[in-house]
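Residue numbers (the numbering used here): 708 to 1008.
See the structure below:
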């Protein structure tokens, strides 16, 4: 695990649903900027270090006085409380959540579990969601729910060999995406009412499809992003794009610049159905070159 300094940046104009690291998506109303783009200044706000080795992977801002940040920490201690030897905290990493109330951070009480809070989502203070990333599959995929008072494990209808990487929420609905490793394929979960259900998705005639991010600007509109790739030297790869219209998921054509260029999406945010942003990398097929990528959906293109 790499050693990093825990710092949160606070801008003059609040940017909602921005990730610091890892994969995360959020759907939050964007406030009107309070300063020109050329003169906005970001301030470093030191956060309490929850362990000897730690990093933040996701952030969700509901207001300037209600911000959640999630990530992971290694062996050591949570705040002033030492972690007893033999607990899950002494695994390679364990999930941590902290809350900013406008003046200070406070470590949130969550069920002890391995992994990192790789995504946060929600639009009200009474219902928030967090996905626990488990990329090495050495521990189960998890989703946590905040009911306005406490964080609790939200049971999933999953077996072993599943990796969750993205989460989105709108009203009482929530979505989570990831990948089933054996046999390899994309996974979409929906929380609608009282429990999670695996969603039917179209059959994809591509090699090794995976999903990495999801946004849901309305309960009848959601986009899932991912990629596919051939597990061979200089194999083909490409962007995977799925859309939910309120009744079913369908595969959508990804944007194209040239036949030899590929898009890989790692994070996305939806302001509304006609204002969706996705970021990742682009490169040439069969090459190791990588350039930054930003895509925008205006409701039509």
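The C-beta atom is built at its ideal place from N, Cα and C for all residues, glycine as well.
Starting from the Cα of residue i, find the closest Cα among the options and give me that residue.
| i | options | result |
| --- | --- | --- |
| residue 923 | 821, 818 and 975 | 975 |
| residue 963 | 883, 920, 990 and 930 | 990 |
| residue 935 | 955, 972, 980 and 986 | 972 |
| residue 890 | 902, 914, 898 and 874 | 914 |
| residue 947 | 886, 831 and 811 | 886 |
| residue 777 | 929, 1002, 983 and 812 | 812 |
| residue 933 | 903, 977, 802 and 894 | 894 |
| residue 900 | 882, 912 and 917 | 882 |
| residue 770 | 920, 753, 831 and 781 | 831 |
| residue 836 | 765, 997, 925 and 984 | 765 |
| residue 969 | 875, 998 and 952 | 998 |
| residue 848 | 829, 884 and 857 | 884 |
| residue 767 | 801, 829 and 810 | 829 |
| residue 753 | 810, 773 and 952 | 810 |
Which whole-angstrom value is the C-beta distance of residue i and residue j, which I expect to be below 8 Å?
| i | j | result |
| --- | --- | --- |
| residue 850 | residue 861 | 5 Å |
| residue 918 | residue 931 | 5 Å |
| residue 1006 | residue 981 | 3 Å |
| residue 761 | residue 780 | 4 Å |
Where residue i and residue j are concerned, what is the direct C-alpha to C-alpha distance, given to the nearest angstrom?
| i | j | result |
| --- | --- | --- |
| residue 815 | residue 853 | 11 Å |
| residue 958 | residue 892 | 14 Å |
| residue 731 | residue 872 | Here the model assigns residue 731 a pLDDT of 44, short of 50, so the residue's position is not dependable and the matter cannot be decided. |
| residue 908 | residue 748 | 43 Å |
| residue 954 | residue 927 | 8 Å |
| residue 817 | residue 859 | 7 Å |
| residue 763 | residue 825 | 9 Å |
| residue 978 | residue 961 | 20 Å |
| residue 987 | residue 902 | 31 Å |
| residue 920 | residue 855 | 25 Å |
| residue 838 | residue 950 | 21 Å |
| residue 888 | residue 773 | 36 Å |
| residue 929 | residue 984 | 13 Å |
| residue 801 | residue 857 | 18 Å |
| residue 1008 | residue 863 | 35 Å |
| residue 827 | residue 874 | 7 Å |
Is residue i buried or exposed, if buried means 16 or more other CB atoms sit within 10 Å of its CB?
| i | result |
| --- | --- |
| residue 905 | exposed |
| residue 775 | buried |
| residue 877 | buried |
| residue 841 | buried |
| residue 734 | Legend: pLDDT at residue 734 = 43, less than 50; position of this residue unreliable, no value from coordinates given. |
| residue 823 | buried |
| residue 1003 | exposed |
| residue 879 | exposed |
| residue 819 | exposed |
| residue 821 | buried |
| residue 1014 | Examination of residue 1014 is not possible in this model, given that the chain is present from 708 through 1008 alone. |
| residue 791 | For residue 791, the predicted structure reports a pLDDT of 47, less than 50, and the residue's modelled location is therefore unreliable. A value from the coordinates is still provided. Classification of residue 791: exposed, given that the 10 Å Cβ count is below 16. |
Is the stretch 859 to 877 touching the stretch 798 to 811, taking contact as three or more C-beta pairs under 8 Å?
Not touching, per the Cβ criterion.
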